[in-house]
Structures are given as C-alpha cells and as structure tokens.
Ligand code: 1CP
C-alpha cells in the first residue's frame, strides 16, 4: 500500500475551510480536471472515460494535471458521482456529453433490492488506490478533496434513467410513494457515507457532497424529503475531523437548510452573491464560490473585474474558498483559469489586509 503523507496544517485550503486565517485566499475549480485541459484531451484519445476512472495510474495522473498547470490549492479526485452505484447496479453507463445513463431505472419498491450496501475496498478498490497515489504525489500544502453525489442527485439519475430537466419521475416517486423514496435515499446515504469514509481513510483531507440538481425543490420539500439523508451522510463523518463542503446548483433558497445538514463549508453558485449567502448561512460557516463559469470566456479585463467582485462580496472574511459557481465549461481556455488563480492569490490577500479586521468573523 502507498504511504499517505500527513496533511499539512499549513494548507491554505484546509485553513480557510475551518474559518482560520489561510494566509492567502485558496482557489480550486469544480471540474478542473477534464476537457478544458489539452493534456486531459490527449489522454482521453487513448482511453475511454470508464478506463480512466478504473485505472488508478490514469485517474491519479488526470487528478494531478490541473494542480501542475493551474497552481490550484486543492486537487479533486477524478471519478464520478455515479461510480459507487455503478459497482452495485447493472446497466449504468456514463456518456461523456450526456452524463450518467441507467438502462432500467429504479422506480418501485422491488427495484430497491438492486441497491445493496457499498463495500468500498471490494466494490471500488481502484478509487481508493487513486486516492493513495494522488496523496503520495501531491505537494504537502495542496489538499486532496474526496467527493460523493448527494442522495437526491444520485437518486434523480437512478429514477429518471439519465439527466432530466423537470425530474418528473423523481418527484412522482418522492411525493407519491414517500416510504419507497425514504428507503431509496436511506440506501444512497449509506453508499455516499461509506464511499466518503473510505476516501478519507485512504488520504482525502476534505470532502465535497455534490447535490447538483437539488435546486429543483422548494425549501419545505427539501427539508422533508432530502435534508435528513444528506445530514446522515455528513454527520457520519463527524469523527474523522475533515472539512465537509456541501454544494448545490440553483440552491440559493436552500442555503440555510443545507448548512444545517452539518457542513463546515457551503458551496454557492453564481446566482447568489457571497454576502447574501453569508447572511443566510450565519456565523461559523465558510463559503466556497462563486465566479460564473461563463465569465472565463470574457476579455481579460472583464474577467479580472468579475474576480474582484467575488472577492469584494466576501469582504475579506477568512472562511472563503474561491471557486467557480459550478464546473469549468469544456472549452474554457486554461490560461484564463491560470489568470484567475494568480489574481485571487495576489489580491485576495491584499483585500484581507485592507478589510479583514474591520469585518472580523462572518
Ligand atoms: O471525458 C469527459 O470529458 C467526460 C465528462 C466528465 C468528466 C470530466 C464526466 C461525465 N464526469 C467527469 C468527472 C467528474 N464528475 C468529476 C471529476 C473531477 C473534477 O471536478 O475535476 C466530478 C467531481 C464529477 C461530478 C459529477 N458528475 C457531478 C457533480 C458536479 C456537477 O458538475 O454538477 C455530476 C452531476 C456528474 C454527472 C456527469 N458526469 C459526466 C457528465 C457529463 C455529467 C452530467 C453533468 C451535467 O450534465 O452537467
């Protein structure tokens, strides 16, 4: 087994997640590994997406590519939110442009029998070996983030059979057969929890729970049908002491409920300015975000101004991890990403010196 170097307490990313003074504003990008990088595209010409995920050497290489090129403060494991359930349920594929597809969707009580508990070392050993390899190769002050799909978002793929714009089958099951729904989310909470624990035990120093599609729900429905399962996932990691990031898209109306699920950090998409987000989240919760990924296609002066606006909305408070408000878009110029990293590292700190003490803690 590859030895796992200890996490560096000096990691600006880990310090910011804990609300401590990070020395500089840390930055990483959701989907930083992927088609925006020529070295990723070159590797993908020789290997399918499934091959990359299942081969620890390839997955580790792709995880490290953005760290080398962009100078980000954290790496995120290269995998997918459906990787654990793929090991449990037959007929789940991932189409590069479309995302996960499920040959026979799970929609009835009887279908749930197809979803047994995850045993990470047996079901997804390649994921854990990737984590060990990446951690052994990362600089000590660059953190490794493990991740899982949140129960609702993974359920939406399993119930719909793929990506959906209206989540009609998911909602039909959720509202129509709440007992079957609760059982489904409970099983998926178990899968996410086991997966995240095993990633942390293998060397991941923080985790992110992706609830990408949860913005489709009202707050009362989120609280009734989703929050308990997501809270179970996050609370199940309490004893491990790693920062937990909880992220949803179009979820500005759910931020305070999402924080209640137990995360140290809440990811905010670009629709909600960080100062508004902080007012909903209350003290003691760090924020991650939230530059609009489309802004990376703007001329450099516009991009710079938008980066500065995100920093200004945070106002120099310490618990800020700079990120996009969602994933890097496939044709993004990597030089624009480098530019953002340099600017955040240079100016985030100036802003801290200029404004930090006046604002104090969030
Ligand atoms: O070769 C390719 O380019 C395939 C495209 C691709 C990639 C690069 C997919 C298919 N998944 C991934 C990797 C991936 N997926 C990562 C790796 C590391 C990184 O962020 O750098 C992560 C964290 C994910 C997570 C993921 N997969 C989410 C949650 C985050 C988000 O963007 O909302 C979701 C919803 C998926 C499903 C998925 N997998 C792939 C696609 C195209 C999709 C659908 C996403 C969509 O339609 O927007």
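In my numbering, the protein residues as written are -19 to 342. Note that CB positions come from ideal geometry on N, CA and C, so glycine has one too. Bear in mind that the values here come from a model prediction, so they are computed numbers and not experimental data.
DSSP places residue 227 within a strand segment (E or B) once states are collapsed to three. In terms of Cα proximity to residue 117, the closest of 162, 45, 82 is 45.
The beta-carbon distance between residue 214 and residue 195, rounded to whole angstroms, is 19 Å. This is too long to meet the 8 Å contact definition. If you draw a straight line from the Cα of residue 255 to the Cα of residue 240, it comes to about 19 Å. Using a 10 angstroms sphere on the CB of residue 103, the tally of other CB atoms reaches 16 or more, which defines it as buried. Within the same chain, Cβ atoms closer than 6 Å to the Cβ of residue 173 are found at 213, 216, the five residues on either side in sequence being excluded. Judged by the Cβ position, residue 210 fails to qualify as a neighbour of the ligand 1CP at the 7 Å threshold, every heavy atom of the ligand being at least this far. The beta carbon of residue 302 sits closer than 6 Å to those of 5, 7, 324, all from its chain and outside the five residues before and after it, given in chain order. Closest in alpha carbon position to residue 191, among 181, 184, 207, is 207.
Listed in chain order, the beta strand (DSSP E) elements of length 3 or more contained wholly in the region 38 to 80 are 54 to 56, 72 to 75. The beta carbons of residue 184 and residue 126 sit about 3 Å from each other, so the pair counts as a contact at 8 Å. Between residue 244 and residue -2, the C-beta gap is smaller than 8 Å, which places the two residues in contact. Annotated as proximal: residue 57 and residue 111, with beta-carbon spacing under 8 Å.
Beta-carbon to beta-carbon, residue 304 and residue 271 are separated by about 5 Å, close enough to satisfy the 8 Å threshold. Per the Cβ contact rule, the region 255 to 267 is in contact with the region 288 to 300 (3 or more Cβ pairs under 8 Å). In terms of Cβ geometry, residue 138 and residue 180 do not form a close pair [threshold 8 Å].
Our two residues, residue 164 and residue 135, have alpha carbons roughly 7 Å apart in a direct line. Residue 128 carries a strand assignment under DSSP once its states are collapsed to helix, strand and coil. For residue 48, the closest C-alpha among the options 157, 262, 18, 283 is that of 18. Between the beta-carbon of residue 98 and that of residue 131 there is about 13 Å, and that puts the pair past the 8 Å contact cut.
Going by beta carbons, residue 94 and residue 86 fall inside the 8 Å limit. Going by beta carbons, residue 10 and residue 321 fall outside the 8 Å limit. The closest CA to that of residue 198, considering only 234, 288, 156, 35, is found on 234. Ranked by how close their Cα comes to the Cα of residue 146, the residues 158, 34, 133 have 133 in first place. Going by DSSP, residue 156 is part of the alpha helix (DSSP H) stretching over 148 to 156. Each residue's CA atom was taken as its position, placing residue 153 and residue 83 some 18 Å apart. Comparing C-alpha distances from residue 107 to each of 158, 30, 89, 169 shows the shortest one belongs to 30.
Boundaries cannot be given for residue 98, as no alpha helix (DSSP H) includes it and DSSP labels it neither H nor E. Spanning the alpha carbons of residue -10 and residue 252 requires a straight line of approximately 30 Å. Taking a C-beta distance under 8 Å as the contact criterion, residue 15 and residue 310 qualify as a contact pair.
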